[in-house]
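Chemist: One structure coming up, written as structure tokens, with questions to follow.
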Amino acid sequence: MSIFRRGTTWWVAFKDSNGKRVRQTTGTTSKTEAQSILASLETKVREGKFFDIRQETQVYFRDLLDRVGEHQQNLGRRSYESYFLSYAKSLRAMFGDLTLKEITPDRVQAYQMHRSKTVSKTTANRSLAVLRRCFNLAIRWDLCLDNPVKKVDLFPESRGRIRFLAREEQEQLLDACDKRIRDLVLVALRTGMRKGELLGLRKQDLDFAHSQIVLTKTKTDRGRAVPMTDEVKSVLTRLAFGRVDEDHLFRNRLGKQYLQPRTEFMKAVSRAGIKNFRFHDLRHTFASDLVQASVDIFTVSKLLGHSNVRTTMIYAHLAPDHAKAEMTKYQDYLKKGRDTKMTQAAVGA
């Protein structure tokens, strides 16, 4: 048995007489009172007098989804529109008219299989991740007792594709871009910024004095500074000229913020004669260039804004020459040790 705090209120966690795990609020902000309540519950469980009488509230999933959406939006998550809303649409269509209690593991699994027939298994897994988040919040808000998603196995996922451009292909792509999309593609190639970070870039994010882009809203909710190369600095200086701090730098033909450059980008890719290449692969190209230039993997991870260096390790195999050079250092170290030992032995003789 234990107590823990959510916000300012203390909760208790324990197992009832049947071994069922129970979590419930004590309704108090006092730790001392919470400990007394826990002691009383412990006595009831030991004497077999505790009965879990909580009832699930009759809440429809569509209402929960609206509340979760508002909660996510208030958190200021960059991915609210591009991630949550896109997955929430199919969840609403499947579960919207059901109460939370009616959404069982079997129904979740049926949705998973149905979803996998129209989208990739990875996308189906992301849909379940959003559903799991919804139920976790519902439990936190005392709207239900259990999360049915945790009893459903996700589809296994492959490591994914790594597609990047050689230097010659990069030049071909840039030459195939019109001026507006070329600026966006070049900055993406030389900074590795995510598409959402690029399209949200404003003049106030540019620190020309220190030649860096300062990002505050990122996928991982961790700000980071992205160094500018000379050509990136030149492009951003031109785009920022005459604009106020709040102005978006990348704009469409109508002078409004670029929201989706996919059409223009894919036309440029086609003109360049490049196959099987997406906008996100510009980020892969930046990472692969860094690794092949012998930049250490921890620095690459920091520049990309990865929350865990293990994510960055997918690029490690792209630096065989660097690994060979490091092994040469190791061999020199071993040789030096043997030479020192031989010298000492000779002196001793």
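Numbers in my numbering are just positions in the sequence shown, counted from 1, shifted up by 91.
Think of the CB as a built atom: it goes at the ideal place given N, C-alpha and C, for glycine as much as any other residue.
Here's a check: name, in chain order, each residue in its chain whose Cβ is nearer than 8 Å to the Cβ of Glu133, leaving out the five neighbours to either side.
Modeler: Start at 1 with the first residue of the sequence shown, and residue 133 comes out as number 42. The residues are Met92, Phe105.
Chemist: Can you tell me whether Arg194 is helix, strand or coil according to DSSP?
Modeler: By 1-based counting over the sequence shown, the position of residue 194 is 103. Reading the sequence as shown, one finds Ile at residue 194 and not Arg. Here Ile194 sits in coil by DSSP.
Chemist: Cα separation between Thr241 and Asp338?
Modeler: In the sequence shown, the residue the question calls residue 241 occupies position 150. In the sequence shown, the residue the question calls residue 338 occupies position 247. Per the sequence presented here, residue 241 reads as Lys, with Thr not at that position. Approximately 44 Å between the Cα atoms of the pair.
Chemist: Could you tell me which whole alpha helix (DSSP H) segments of length 4 or greater appear in the stretch 242-291?
Modeler: 258-267, 270-282, 286-290, all fully within the stretch 242-291.
Chemist: Pick helix, strand or coil for Lys111, following the three-state DSSP scheme.
Modeler: For the purposes of this step, residue 111 is identified with residue 20 of the sequence shown, where counting begins at 1. Coil.
Chemist: Looking at the unbroken alpha helix (DSSP H) that takes in Lys180, where does it start and where does it end?
Modeler: In the sequence shown, the residue the question calls residue 180 occupies position 89. Here the alpha helix (DSSP H) through Lys180 covers 176-186.
Chemist: How is the alpha helix (DSSP H) around Val386 delimited, first residue to last?
Modeler: Residue 386 sits at position 295 when you count from the first residue of the sequence shown. Per DSSP, Val386 belongs to no alpha helix (DSSP H) and is neither H nor E.
Chemist: Would DSSP call Gln351 helix, strand or coil?
Modeler: In the sequence shown, the residue the question calls residue 351 occupies position 260. Looking at Gln351 - three-state DSSP - the assignment turns out to be coil, as it is neither helix nor strand.
Chemist: State the start and end residues of the unbroken beta strand (DSSP E) segment that holds Leu306.
Modeler: Reading the sequence shown from its first residue, position 215 is the one you call residue 306. Unbroken beta strand (DSSP E) run through Leu306: 303-306.
Chemist: Looking at the unbroken beta strand (DSSP E) that takes in Ser93, where does it start and where does it end?
Modeler: Sequence index remark: in the sequence shown, residue 93 carries index 2 (1-based). Here the beta strand (DSSP E) through Ser93 covers 93-97.
Chemist: Measuring straight from C-alpha to C-alpha, what distance separates Thr282 and Leu191?
Modeler: Within the sequence shown, numbered from 1, the residue matching residue 282 stands at position 191. Within the sequence shown, numbered from 1, the residue matching residue 191 stands at position 100. Those two C-alpha atoms are separated by around 44 Å.
Chemist: In the DSSP assignment, the beta strand (DSSP E) including Val317 goes from what residue to what residue?
Modeler: Position 226 of the sequence shown holds residue 317. Looking at the DSSP string, the run of the beta strand (DSSP E) that includes Val317 is 315-318.
Chemist: When you compare the CB positions of Asp256 and Thr376, do they come within less than 7 Å of one another, or not?
Modeler: Working through the sequence shown from its first residue, we reach residue 256 at position 165. Working through the sequence shown from its first residue, we reach residue 376 at position 285. With the sequence shown as reference, residue 256 is identified as Leu, and Asp is not the correct amino acid for it. It is a contact, given that the beta carbons lie within the stated cut-off.
Chemist: Measuring alpha carbon to alpha carbon, tell me which of Ile194, Glu288, Trp101, Gln295 ends up nearest Thr123.
Modeler: Counting from one through the sequence shown, the residue named residue 123 turns up at place 32. Nearest of Ile194, Glu288, Trp101, Gln295 to Thr123, Cα basis: Trp101.
Chemist: Does Ile144 come out as helix, strand or coil in the three-state DSSP assignment?
Modeler: Translated into the one-based positions of the sequence shown, residue 144 becomes position 53. The pLDDT assigned to Ile144 is 46, lower than 50, so where the model puts this residue is not dependable, and the model offers no usable value.
Chemist: Going straight from the alpha carbon of Lys393 to that of Gly110, what length do you get?
Modeler: As a working note, residue 393 is residue 302 in the sequence shown. As a working note, residue 110 is residue 19 in the sequence shown. Taking the straight line from one Cα to the other gives about 46 Å.
Chemist: How would you label Ile144, buried or exposed, when you count the other beta carbons within 10 angstroms and need 16 or more for buried?
Modeler: The sequence position of residue 144 within the sequence shown is 53, counting from 1. With a pLDDT of 46 at Ile144, under the threshold of 50, the modelled position of this residue cannot be trusted; read the value that follows with caution. Ile144 is exposed by the Cβ-count criterion.
Chemist: If you reduce the DSSP assignment to three classes, tell me which class Val103 lands in.
Modeler: Counting from 1 along the sequence shown, the entry for residue 103 is found at position 12. Strand, per DSSP.
Chemist: For Leu265, which residues of its own chain have a beta-carbon under 7 Å away from its beta-carbon, when the five flanking residues on both sides are left out?
Modeler: As a position in the sequence shown, residue 265 is number 174, starting the count at 1. For Leu265, where only same-chain residues beyond five positions count, the Cβ hits under 7 Å are Arg273, Val276, Leu277.
Chemist: Less than 7 Å between the beta carbons of Leu155 and Cys268, yes or no?
Modeler: The residue labelled residue 155 in the question sits at position 64 within the sequence shown. The residue labelled residue 268 in the question sits at position 177 within the sequence shown. Their beta carbons are not under 7 Å apart, which means Leu155 does not touch Cys268 by this criterion.
Chemist: Measuring CA to CA, which of Met357, Ser218, Lys308 is closest to Asp372?
Modeler: Here the question's residue 372 lines up with position 281 in the sequence shown. Comparing Cα-Cα distances from Asp372 to each of Met357, Ser218, Lys308, the minimum goes to Met357.
Chemist: Classify Lys420 as buried or exposed, calling it buried when 16 or more other Cβ atoms lie within 10 Å of its own Cβ.
Modeler: In the sequence shown, residue 420 corresponds to position 329, counting from 1. Classification for Lys420: exposed.
Chemist: Between Ala384 and Gly98, what straight-line distance do the alpha-carbon atoms span, to the nearest angstrom?
Modeler: Stepping through the sequence shown from its first residue, residue 384 is reached at position 293. Stepping through the sequence shown from its first residue, residue 98 is reached at position 7. Cα to Cα, Ala384 sits roughly 48 Å from Gly98.
Chemist: According to DSSP, is Thr116 part of a helix, a strand, or is it coil?
Modeler: The residue labelled residue 116 in the question sits at position 25 within the sequence shown. Reduced to three states, the DSSP call for Thr116 is strand.
Chemist: Under 8 Å Cβ to Cβ from Glu260, same chain only, skipping five residues before and after it: list those, please.
Modeler: Reading the sequence shown from its first residue, position 169 is the one you call residue 260. Correct list, in chain order: Ala363, Ile365.
Chemist: Within the same chain, show all residues whose beta-carbon is closer than 8 Å to that of Asn227, passing over the 5 residues directly before and after it, in chain order.
Modeler: Here residue 227 corresponds to residue number 136 of the sequence shown, with the count starting at 1. Excluding sequence neighbours, Asn227 sits near Asn238.
Chemist: Does the stretch 193-206 come into contact with the stretch 156-166, if we say contact requires no fewer than three beta-carbon pairs (one atom in each stretch) closer than 8 Å?
Modeler: The stretch 193-206 is not in contact with the stretch 156-166.
Chemist: Residues in the same chain with beta-carbon distance under 6 Å from Arg315, minus the five sequence neighbours each way, listed in chain order, please.
Modeler: Within the sequence shown, numbered from 1, the residue matching residue 315 stands at position 224. The answer, listed in chain order, is Leu306, Gly396.
Chemist: Would Val221 and Tyr178 qualify as a contact pair, given that the criterion is a beta-carbon distance under 7 Å?
Modeler: Numbered from 1 along the sequence shown, position 130 holds the residue referred to as residue 221. Numbered from 1 along the sequence shown, position 87 holds the residue referred to as residue 178. The answer is yes: Cβ separation under 7 Å.
Chemist: Can you give the Cα-Cα distance for Val210 and Pro196, rounded to whole angstroms?
Modeler: As a first step, residue 210 is located in the sequence shown; it is residue number 119 there, counting from the start. As a first step, residue 196 is located in the sequence shown; it is residue number 105 there, counting from the start. Roughly 21 Å separates the two Cα atoms.
Chemist: Over what stretch of residues does the alpha helix (DSSP H) that includes Asn227 continue unbroken?
Modeler: As a working note, residue 227 is residue 136 in the sequence shown. Here the alpha helix (DSSP H) through Asn227 covers 212-231.
Chemist: Do you know offhand how far Arg406's Cα is from Pro318's?
Modeler: Within the sequence shown, the letter at position 315 stands for residue 406. Within the sequence shown, the letter at position 227 stands for residue 318. The sequence shown places Tyr at residue 406, not Arg. When rounded, the distance between both Cα atoms is 20 Å.
Chemist: CA-CA distance, Met404 and Ile388?
Modeler: For the purposes of this step, residue 404 is taken as the residue at position 313 of the sequence shown. For the purposes of this step, residue 388 is taken as the residue at position 297 of the sequence shown. Going by the C-alpha atoms only, they are around 7 Å apart.
Chemist: My output table needs one value for Arg342: the three-state DSSP class, helix, strand or coil.
Modeler: Here residue 342 refers to the residue found at position 251 when the sequence shown is read from its first residue. It is a strand residue.
Chemist: Out of curiosity, what's the CA-to-CA distance linking Ser127 and Gln115?
Modeler: Along the sequence shown, one-based indexing puts residue 127 at 36. Along the sequence shown, one-based indexing puts residue 115 at 24. Approximately 14 Å between the Cα atoms of the pair.
Chemist: If you draw a straight line from the alpha carbon of Thr213 to that of Asp107, how long is it in whole angstroms?
Modeler: Taking the first residue of the sequence shown as position 1, residue 213 is located at position 122. Taking the first residue of the sequence shown as position 1, residue 107 is located at position 16. Those two C-alpha atoms are separated by around 38 Å.
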